Each structure stands twice: as C-alpha cells, then as structure tokens.
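A.B. asks:
In the numbering used here, the protein residues as written are 1086 to 1258.
(1) Taking its Cβ as the centre, do 16 or more other Cβ atoms sit within 10 Å of residue 1169, making it buried, or is it exposed?
(2) Spell out a yes or no on whether the region 1137-1148 and the region 1213-1233 are touching, meaning 3 or more CB-CB pairs, one atom from each, closer than 8 Å.
(3) Can you name, in chain order, every residue of its own chain whose Cβ lies under 6 Å from the Cβ of residue 1195, other than the five neighbours on each side?
(4) Could you check the C-alpha separation between residue 1209 and residue 1171 for me, to the nearest Å?
(5) Which residues in the same chain have their Cβ closer than 6 Å to the Cβ of residue 1119, if we skip the five residues on either side of it in sequence?
(6) Note down, in chain order, each residue of its chain lying with its Cβ closer than 6 Å to the Cβ of residue 1153, except the 5 sequence neighbours on either side.
(7) Within 10 angstroms of the Cβ of residue 1123, are there 16 or more other Cβ atoms? Answer buried if so, exposed if not.
(8) Throw me the rounded Cβ distance for the residue 1255 and residue 1184 pair, which I believe falls under 8 Å.
(9) Hey, quick one: how far does the alpha helix (DSSP H) through residue 1189 stretch, first residue to last?
(10) I need the DSSP call for residue 1152, collapsed to helix, strand or coil.
(11) Which term fits residue 1139, buried or exposed, when burial requires 16 or more other beta carbons within 10 angstroms of its beta carbon?
(12) What did DSSP end up calling residue 1102 once you bin it into helix, strand or coil?
(13) Quick one: grab the DSSP three-state call for residue 1147.
(14) If we call anything under 8 Å between Cβ atoms a contact, is residue 1136 one with residue 1173?
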C-alpha cells in the first residue's frame, strides 16, 4: 500500500487532480461528470450488452464494422452525443470467450476530472504509460470488479480530462 501512494501522487500531479479549467477559462462543470458517470453506471448495469441496447443508452446507432470483425469477434461502432466514437466488441459465432468490451471516446468540451471520477468510484489502480507509448497515451485509473474492469483514461496533453472510458466485461483472473 505504501508503494502505491507515490504513484497516485505522481498520477494526480500529472493529471491535475485539482480540476483544470476548460479552454474558455470556465471551470469544469459538475453536470458533465454526473452525466458521464451516470451513463457508465447504466452501461455496467445493462450487461450483457447488445449493439441495440448500448446504442439506446448512448443515443446512437451502432453499426457492424466489417473490416474489424472476425468469426471470433464482432465489432460495432458509431458516434453519439458527447462521444467521438462508441465501440462495442462482442464474441463472434466461433469465439471461445464470452467477454464483452465497450470503449467510449469522450468528446470535448466536457471535462470530467480525476477528482470527480474518484468521488464516485474511490481511488483506482493507476496505470502510467511507458516511455515506449505515444506522448499522448492516456493515464488510466482502473477499477477491477468480479464482472470485469472499468477504466478511465485521462488526457496528458491539454486539459487533463477523461478522454476514454473502457468497460471490460471479462471476469479478471
């Protein structure tokens, strides 16, 4: 536990846990955090997910992405209000795994901070990018659960806000 505190302090310093201002100079709006975090809770509660049910929850039509789908993995994607991309990966007809994976790429100008995520979910497991990853690779806070894991990726360049939410419905080993 004591080794974790310095990593959390570093992560908080890198992400600006005190709450960054938006480009317009306005502080982050708590409603943005509540809306995003409420949606994430609804998506987690809706498992197992389907493309239609996920689309209804996020307000988009998720269409099959043929070039990314295989017999083992079916990929559905679309854009939704507040998101640049919503991608749902489901087991294909020949899959040997039953897990599902949902990726939400958050669009601006909404800014949900690390402090707002931690106020809802508590302290997460930090995952700092390695030097081999791109400079704009997000810093993640990961929350393991018996059903899988939830991860929030925070931007390292510009306003340090949630830029990605990943929900992995594969139980952790």
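A virtual CB, placed ideally from N, CA and C, is assigned to each residue, including glycine. Values in this document were obtained by computation on a predicted structure and should not be read as measured data.
C.D. replies: Put simply:
(1) Taking the chain shown and counting its residues from 1, one reaches residue 1169 at position 84. So residue 1169 ends up on the exposed side.
(2) no
(3) Mapped onto the chain shown, residue 1195 falls at position 110. For residue 1195, where only same-chain residues beyond five positions count, the Cβ hits under 6 Å are 1117.
(4) Here residue 1209 is taken as the residue at index 124 of the chain shown, counted from 1. Here residue 1171 is taken as the residue at index 86 of the chain shown, counted from 1. Distance between the alpha carbons of residue 1209 and residue 1171: 23 Å.
(5) Start at 1 with the first residue of the chain shown, and residue 1119 comes out as number 34. Nothing listed; no residue qualifies.
(6) As a first step, residue 1153 must be located in the chain shown, where it is residue number 68. Closer than 6 Å at Cβ, skipping near neighbours: 1160.
(7) Counted from its first residue, the chain shown places residue 1123 at position 38. Exposed, since its Cβ has fewer than 16 Cβ neighbours within 10 Å.
(8) Residue numbering aside, residue 1255 sits at position 170 when the chain shown is read from its first letter. Residue numbering aside, residue 1184 sits at position 99 when the chain shown is read from its first letter. That belief holds up - the Cβ atoms of residue 1255 and residue 1184 are roughly 3 Å apart, short of 8 Å.
(9) Position 104 of the chain shown, counted from the first residue, corresponds to residue 1189. Run containing residue 1189: none in the alpha helix (DSSP H); it sits in the beta strand (DSSP E), 1186-1191.
(10) Sequence index remark: in the chain shown, residue 1152 carries index 67 (1-based). Coil, per DSSP.
(11) As a position in the chain shown, residue 1139 is number 54, starting the count at 1. Burial call: buried.
(12) Numbered from its first residue, the chain shown carries residue 1102 at position 17. Low local confidence applies: a pLDDT of 35 at residue 1102 is under 50, so the model's placement there is unreliable, with the coordinate-based value given in what follows. Coil, per DSSP.
(13) Working through the chain shown from its first residue, we reach residue 1147 at position 62. Coil, per DSSP.
(14) For the purposes of this step, residue 1136 is identified with residue 51 of the chain shown, where counting begins at 1. For the purposes of this step, residue 1173 is identified with residue 88 of the chain shown, where counting begins at 1. In contact: residue 1136 and residue 1173 (Cβ atoms closer than 8 Å).
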